[in-house]
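For the sequence shown, the positions run 2 to 185 when our numbering is used. The beta carbon of each residue, even a glycine, is placed where N, CA and C say it ideally should be. Data block below; observations after.
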Amino acid sequence: MNKTNIGKKIHVSAADIPDEGLNLSFENLERVLIDMEGCRSLGPVSGQLSFRKVGNKIHLHGRVVARVGLCCDRCLEEYTQDISTSFFYLLCPRPDFNREIPKEMALESEDMEVYWYEDGEIHCEDIFREQILLELPFRNLCSEVCKGLCPGCGVNLNKQGCVCKQDVPDGPFAVLRNLRISGS
Ligand SMILES: [Zn+2]
Ligand SMILES: [Zn+2]
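Structure, rendered in structure tokens:
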């Protein structure tokens with residue numbers, strides 16, 4: 002079964018996944034970025050999800066593509082990052098809180114990404130959001146060689162030279178030089 006969903010909030014009911022599987026395409030997912038601080042959508046966000054029943058479990062293969070604007074931690078300028086990532090989840094119904102996760106499931110989920118769904122509903126946007134978050138860098142840098150802002154005058158050193166250099170005290174050696182001058 003193939004479906005395209007445009008602009009709708011999408012939940013998939015585990016019970017509705019047919020035996021032959023379910024393939025969904027998503028367009029206009031920009032809203033999944035709305036709550037991400039410092040991450041702005043710069044283009045269409047799209048994705049695909051393929052659900053397959055395997056025994057009593059559901060395998061989910063997916064992909065998400067986005068272009069986002071991030072704020073550089075050093076120079077505070079916005080820069081563009083393209084995200085294009087594929088992922089795999091084992092989908093499992095969330096056990097009751099007072100029930101332990103079955104041992105065989107705990108073992109199987111150790112080296113796999115597990116999405117625990119509740120009330121039989123899989124929230125597709127949550128999955129896309131999580132995958133985009135995983136692709137975002139720990140530190141935002143517009144470039145490895147970003148020079149950042151001058152702590153003295155605040156100019157973006159990637160764009161222009163510092164204009165305050167001559168006013169900054171000369172550091173520890175200034176004292177030595179003055180001593181030498183006064184001693185000579
Ligand atoms: Zn930068
Ligand atoms: Zn400066």
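Problem set entry | Range covered by the beta strand (DSSP E) that runs through residue 75 | Looking at the DSSP string, residue 75 is not in any beta strand (DSSP E), and its letter there is neither H nor E.
Problem set entry | Same chain only: Cβ atoms within 8 Å of residue 154, ignoring 5 sequence neighbours per side | Cβ contact annotation for residue 154 (same chain, cutoff 8 Å, sequence separation greater than five): 163, 164, 165, in chain order.
For this session: Measure the C-alpha to C-alpha separation of residue 114 and residue 78 and round it to an integer number of angstroms.
Result: Their Cα atoms are separated by approximately 34 Å.
Exercise. Is it the case that the Cβ atoms of residue 55 and residue 30 are separated by a distance below 8 Å?
Worked result: No, Cβ-Cβ distance for residue 55 and residue 30 is not below 8 Å.
Exercise. Under a Cβ-count criterion, where at least 16 other Cβ atoms within 10 Å of its own Cβ denotes burial, should residue 27 be classed as buried or exposed?
Worked result: buried
Problem set entry | Nearest-angstrom Cβ-Cβ length linking residue 143 and residue 117, presumed shorter than 8 Å | Rounded, the Cβ-Cβ distance is 37 Å, inconsistent with contact.
Problem set entry | residue 53 Cβ short of 7 Å to ligand 1 heavy atom set | Residue 53: no, Cβ never under 7 Å from ligand 1.
Problem set entry | Distance cut-off 7 Å: residue 160 Cβ against heavy atoms of ligand 2 | no
For this session: Report yes if the C-beta of residue 153 is less than 7 Å from at least one heavy atom of ligand 2; otherwise report no.
Result: yes
For this session: Confirm the yes/no value for this check: CB of residue 147, any heavy atom of ligand 2, distance under 7 Å.
Result: no
For this session: Could you please give the first and the last residue of the uninterrupted beta strand (DSSP E) stretch that includes residue 40?
Result: 40-42
Problem set entry | Which residues DSSP lists as bridging residue 148, in chain order | According to DSSP, which records beta bridges pairwise, residue 148 is partnered with nothing at all.
For this session: Tell me whether residue 268 counts as near ligand 1, meaning its Cβ is closer than 7 Å to at least one heavy atom of that ligand.
Result: A query on residue 268 cannot be resolved here, the shown segment of the chain reaching from 2 to 185 and no further.
Exercise. Closest by CA to residue 132, which one among 25, 24, 33, 152?
Worked result: 33
For this session: Thinking residue 147 and residue 73 are a contact (beta carbons under 8 Å), I'd like their distance in whole angstroms, please.
Result: 6 Å
Exercise. Going by beta carbon distance, what residues of the same chain come within less than 6 Å of residue 1, once the five residues before and after it are set aside?
Worked result: What is shown of the chain runs 2 to 185, which leaves residue 1 out entirely.
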